[in-house]
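Notes follow once the structure below has been shown.
Numbering (the numbering used here), first residue to last: 1 to 310.
If you want it as structure tokens, here you go:
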């Protein structure tokens, strides 16, 4: 089961963090952009190549200290099919380096359409009698607000292909409470969604107490993070909002169980753009990202102390 693989990598590295690879051209060092645009006439092709070069440099400096990357699909889609190729090649390169890949796509549909999303991002597609993987992520973020019809096709892939999903439960954005904090019969919508994750997870159990059905729970709402950790004990959390959005180590510590397991904390701009924030030479962007990733690891581990497999 895919969450087992993630948990084992986190424990081996003693690092419960994931680097969000959400690149825009503004984040890419000027020398990489100049080389890419000098080599290609098509601006979309040049942009995609710049993103890929940027990502590979980051992965080269992160793969031995950070267990996972989380590319956000929108940042690649905005550069057309060339950008989607860069996403595919980024995932393949991370896998070559032994990293776990969470595709942040927030997909949501039902029936055959959700089966197609599941095949595209996590599974395989039948082509002329062969089963061929497309993007081949290890996990996918999904929107569960269509109910079980949108989750069941993913659970089938999780069990067949050793994959995982992270369902939106309590997101980190400021307006999340407009819907997620509303109550139905005295319970919040996010609480009900977390309960559904626990129920769906019963169909894809894991070895360390956590199922293949995870949840996205933001660091910007630490009280809800603590509440949901208690109410969803078998649901592994993907926690955005650390760093750039304001969440700190003391906030995200509430996502972990007594073994230091239960969550992986995301940082995107904080890691990708560390060279811009620290003012170092742009040729050292990947080394700056490594330093920030190590700082983040130390910051979180100072709160949870140790990660132990049960």
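Yeah, the Cβ is synthetic: ideal placement off N, Cα and C, and Gly gets one too.
Keep in mind it's a predicted model, so treat the numbers as computed, not measured.
In this structure, residue 212 lies near residue 2, with their beta-carbon atoms less than 7 Å apart. When the Cα atoms are used, residue 227 and residue 76 turn out to be separated by approximately 34 Å.
A direct Cα-Cα distance of roughly 21 Å separates residue 140 from residue 180.
When only Cα atoms are considered, residue 201 and residue 158 end up about 10 Å apart. Counting only runs that start and end inside the stretch 62–112, the alpha helix (DSSP H) elements of at least 4 residues fall at 74–77, 80–96. In the DSSP assignment, residue 170 falls within the beta strand (DSSP E) that extends over 164–170. Within the DSSP bridge table, the entry for residue 239 names 265 as partners. Residue 204 carries a coil assignment under DSSP once its states are collapsed to helix, strand and coil.
Using a C-beta cut-off of 8 Å, the stretch 266–278 makes no contact with the stretch 249–258, since fewer than three inter-stretch Cβ pairs fall below that distance. Between residue 288 and residue 278, the CB-CB gap stays under 7 Å. For a cut-off of 8 Å, the C-beta gap from residue 101 to residue 137 is around 5 Å, short enough to register as a contact. For residue 23, there is no enclosing beta strand (DSSP E), since its DSSP letter is neither H nor E.
Within its own chain, the residues whose Cβ lies closer than 6 Å to the Cβ of residue 107, once the five positions on either side in sequence are excluded, are 117, 142, listed in chain order. The distance from the Cβ of residue 83 to that of residue 47 is about 7 Å, consistent with a contact at the 8 Å cut-off.
Sequence-distant partners of residue 10 (beyond 5 residues in either direction) whose C-beta falls short of 7 Å from its own C-beta, in its chain, are 16, 67, 264, 307. Taking C-beta atoms under 8 Å as the contact rule, residue 266 and residue 18 qualify, at a distance of about 5 Å.
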